[in-house]
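Presented below is the structure to which this report refers.
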Amino acid sequence: MIIHRKCGMCQGGCDVKVTIEDGKITRVEADQDSTQGRVCARGALTPELLYAHDRISHPLIRIGEKGEGKFRKATWDEALDYAAELLNKTRETYGARALASYQGRGILGMPIARIFSGKSEPCFMKRLGSPNDFNAGSICNMASSTVTPLTTCGLNTRQMIQDVAHSEYIFIWGKNPMTDCGPRGEYQGIREAKKRGAKLVVIDPRKTGMGELADLWIPVIPGADGALALAMLKLIIEQERYDKGFVSEYTRGFEEFRKYVGSLELNDLSRFCGVSVEQIKALTDVFCSTEKISLIAYTGLEYQLSGIQNNRAIFTLWAITGKLDVEGGIYFNCQSLPTFSLYDLPEENQPIGMKEFPMFYKFMEGGQFCRFPEAVLNDNPYPVRALLLAGGSPVLTFPDSSKWREVYKKLECLIVSDRYMTEDARFADVVFPASTMFETWSLTTGADGRQMIQPPAVEPFEECRDDVLIFSALAKRLEIGEDYPGNEEELKEWLLNGSAPYANDWKGPASQEKREYRKYEKGLLRRDGKPGFPTPSGKFEICSVYLEENGFTPYPEYQDMRSIPEMDSPEYPFTMTTGARSMHRMGVFGANLPGIVKLEPYPCMDLSPEDAGELGLTDGVWARVTTPFGTGRFKVRVCEIARHCIHIPHGGGSEYMTEAWKFGNVNELTSLAYNDPITGFVTIKSVPCKVEKE
4 MIIHRKCGMC QGGCDVKVTI EDGKITRVEA DQDSTQGRVC ARGALTPELL YAHDRISHPL
64 IRIGEKGEGK FRKATWDEAL DYAAELLNKT RETYGARALA SYQGRGILGM PIARIFSGKS
124 EPCFMKRLGS PNDFNAGSIC NMASSTVTPL TTCGLNTRQM IQDVAHSEYI FIWGKNPMTD
184 CGPRGEYQGI REAKKRGAKL VVIDPRKTGM GELADLWIPV IPGADGALAL AMLKLIIEQE
244 RYDKGFVSEY TRGFEEFRKY VGSLELNDLS RFCGVSVEQI KALTDVFCST EKISLIAYTG
304 LEYQLSGIQN NRAIFTLWAI TGKLDVEGGI YFNCQSLPTF SLYDLPEENQ PIGMKEFPMF
364 YKFMEGGQFC RFPEAVLNDN PYPVRALLLA GGSPVLTFPD SSKWREVYKK LECLIVSDRY
424 MTEDARFADV VFPASTMFET WSLTTGADGR QMIQPPAVEP FEECRDDVLI FSALAKRLEI
484 GEDYPGNEEE LKEWLLNGSA PYANDWKGPA SQEKREYRKY EKGLLRRDGK PGFPTPSGKF
544 EICSVYLEEN GFTPYPEYQD MRSIPEMDSP EYPFTMTTGA RSMHRMGVFG ANLPGIVKLE
604 PYPCMDLSPE DAGELGLTDG VWARVTTPFG TGRFKVRVCE IARHCIHIPH GGGSEYMTEA
664 WKFGNVNELT SLAYNDPITG FVTIKSVPCK VEKE
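Using our numbering, the letters of the sequence shown map in sequence onto residues 4 to 697.
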């Protein structure tokens, strides 16, 4: 039997054809009849992944020391009762705020997010009295999708369309659509645009991926994107190549910003970003040649010392040169928007990380998980001793894996729900076997933006259960989950009742209606009907009201990683970047799977041919990388990348991986201590390092 489904191995939403024999999935392939049809390596390996001998198939209770990975099989009732007992004991001993939860990339977009961090109703932790409900937003997406646009034009990036179909130039900056999860519609759109004559400019340290398709590749030093953007802005402002009418009528802080860029030296900015002055001038000429330039940007711009300000500089480039809400540029697919109001900081029951990064709370109404280790290891700001972990692996996705292992050893309650054993689960007190989206009711979004409910393709593997039903059962034992679903039928109804008629309506039918351009001139963007933007000032905020009122430099200001004295040492002449997504893996879901390891057997270090020659390194040899925080051994991959820069993929470091990946853990070479001051996002994109031949 062949059925048509959204793939159930991640939240990408690819349309697939699923072959089922004797109640089991035996084949998954792309649905060629769908515009969203695609299958990646993980999807194609579904039969192996669903029915592998090492998949977690029943509840587990730890019997060995923390980290030994020794467990015994338990019944569901026994495991749930024990988990509830540990949570209650921790709460009674240390108070409710000693409890925390974290949902990772593995369940992003799944219904369990509604229980763990939903805003429409009190989430799991808040029902227990704790403010510490965390998710992957502490390290991904929120800086670029929410904070940056809200502090400039008052929108969220979900309310914007990059009008690639009508662009004359497409700038890809800090993103690689070729390696994205999902059907890669953006990538296909770029290819179609190139066929009709659009030019592609890729600003990225690495040429691999979209850079190979580029008409112009700009190899920027990792973390220095703000320096490049400011250099372009300096030229544009000093040469008066900006839209004077827009700047006069619709921007806030232009004169203050003009003075700032006037104080910067072009040669210094060139040195910071690794792009010659001649290249910067040529790039600026291209950028000023037309307003029809779309911007494809994302998380590559987030993990930087001045990540928000770097992003804001790029948005300012588009704004003052007339590329906002125009055909071929960045189209605003929204109207009549209210002005976002910052959340008030709570005086009592403050979440972890709020004191250090209050602006993150004011935008996201939550704490910053990068400070979780401090609360566990040093009781700062108060002791935390319990963690519920669903579909995530902080030990492999956040910096300093060794510190996270110390955290797990000190926790008095660690409860994990996942599909495979993770490095984190190795330290757990209770491990629950979770089902995939192939095995449970789920919400999916079609190409038209309409949200639908999808039935299971097959029965769950052995004793696996949906994450919602797992934590619903736990919540009922804690007497906080009366309104959570208790079985498959209730789950179906709960999904339907909690979903909107349309999801992502910015991509749905509304986007196909006749477009109204330059809505800010016509009073169509703001809820009050006045011209301008839905920001506190009503203007495009080069100088942000939110930042100014909270003690930050209001205009885009660049800070180089090597401006920190301990980071500016001749001992570390190279710059390392990490965190980029592999085409074959979703986060850390991959390196422990045999089928994926065949495709990526080693953690590799990307190195330019020129640097490899100077260091006496060749393709395929092992080399040692050392940063101020640690050292590691990686295989050299000679390829096109910015000079004196290297890239190493994250995702290694687990006992359940092959030896090469177990010890090839780039996160041991990074630190939790260096952050963007506004969001707290860690600075894994620009780490000083040295490279040595073994």
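Where a beta carbon is used, it is the ideal one built from N, C-alpha and C, also for glycine.
Predicted model, so just to flag it, every value in this text is computed and none were measured.
Rounded to whole angstroms, the gap between the alpha carbons of Thr443 and Trp176 is 37 Å.
Per DSSP, the unbroken beta strand (DSSP E) holding Trp176 starts and ends at Tyr172 to Trp176. For the pair Arg640 and Glu613, the CB atoms are not nearer than the 8 Å cut-off. The beta-carbon separation of Gly229 and Asn313, rounded to 3 Å, stays under the 8 Å limit for a contact. In the DSSP annotation of this structure, Asn179 is not part of any beta strand (DSSP E), being labelled neither H nor E. By the Cβ rule, the segment 532-539 counts as touching the segment 334-342, because three or more pairs are nearer than 8 Å. Per DSSP, Tyr334 is one residue of the beta strand (DSSP E) stretching across Ile333 to Phe335. Sequence-distant Cβ neighbours of Lys326 in its own chain, meaning closer than 7 Å and more than five residues away, are Glu294, Ile296, Gly332 and Ile333.
Taking 4 residues as the minimum length, the alpha helix (DSSP H) runs contained wholly in the segment 508-559 are 522-525 and 548-552, in order along the chain. If you ignore the 5 residues before and after Ala82, its C-beta comes within less than 7 Å of the C-beta of Pro62, Ile64, Val433 and Phe435, all in its own chain and listed in chain order. With a minimum length of 4 residues, the unbroken runs of alpha helix (DSSP H) contained wholly in the segment 612-673 fall at 612-618 and 662-666. The beta-carbon separation of Leu308 and Tyr54, rounded to 45 Å, does not stay under the 8 Å limit for a contact. If you draw a straight line from the Cα of Gly188 to the Cα of Ser170, it is about 16 Å long.
Distances from the CA of Val690 to each of Gly619, Phe577, Asp622 and Tyr346 were compared; the closest alpha carbon is that of Phe577. A straight line joining the alpha-carbon of Ala378 with that of Ile173 spans about 44 Å.
Counting along the chain, the unbroken alpha helix (DSSP H) around Gln282 starts and ends at Val280 to Phe290. Sequence-distant partners of Ile240 (beyond 5 residues in either direction) whose C-beta falls short of 7 Å from its own C-beta, in its chain, are Arg261 and Val264.
A distance below 8 Å separates the beta carbons of Thr630 and Leu672.
Note: Ala300 is bridge-paired with Trp176 in the DSSP secondary-structure output.
Straight through space, the alpha carbons of Asp622 and Met367 are spaced by roughly 44 Å. Counting along the chain, the unbroken beta strand (DSSP E) around Trp220 starts and ends at Leu219 to Ile221. For the alpha helix (DSSP H) assignment, the uninterrupted runs of no fewer than 4 residues enclosed by the segment 402-476 are, from N- to C-terminal side, 404-413. Cys373 is a Cβ neighbour of Ser141, given a cutoff of 8 Å.
Per DSSP, Phe137 lies in no alpha helix (DSSP H) segment; the continuous beta strand (DSSP E) that holds it begins and ends at Asp136 to Asn138.
In this structure, the alpha-carbon of Tyr364 lies about 17 Å from that of Glu305. Annotation: Ser148 to Asn668 spans about 28 Å, alpha carbon to alpha carbon.
Taking a contact to require three or more Cβ pairs closer than 8 Å, the segment 116-129 and the segment 402-416 do not qualify as touching. Secondary structure note for Leu610: its beta strand (DSSP E) is the uninterrupted segment Cys607 to Leu610. Spatial neighbours of Gln162 in its own chain (CB-CB distance under 7 Å, excluding positions within 5 residues in sequence) are listed in chain order as Phe335, Asn336, Cys337 and Trp509. Pairing Arg422 with Ile59 gives a Cβ-Cβ distance under 8 Å. Following the DSSP letters along the chain, one finds Ala393 inside the beta strand (DSSP E) bounded by residues Ala389 to Ala393. For Asp18, the closest of Gly212, Lys202 and Gln35 by C-alpha to C-alpha distance is Gln35. If you look at Met367, you'll find it isn't in any beta strand (DSSP E); it sits in the alpha helix (DSSP H) that goes Pro361 to Met367.
Fewer than three Cβ pairs drawn from the segment 279-287 and the segment 246-253 lie within less than 8 Å of each other, which leaves the two stretches out of contact.
In the displayed model, Leu48 falls within coil according to three-state DSSP, outside both helix and strand. Shown here for Ser547: same chain residues with a beta carbon closer than 6 Å to its own, the five before and five after excluded, namely Thr154 and Pro557 in chain order.
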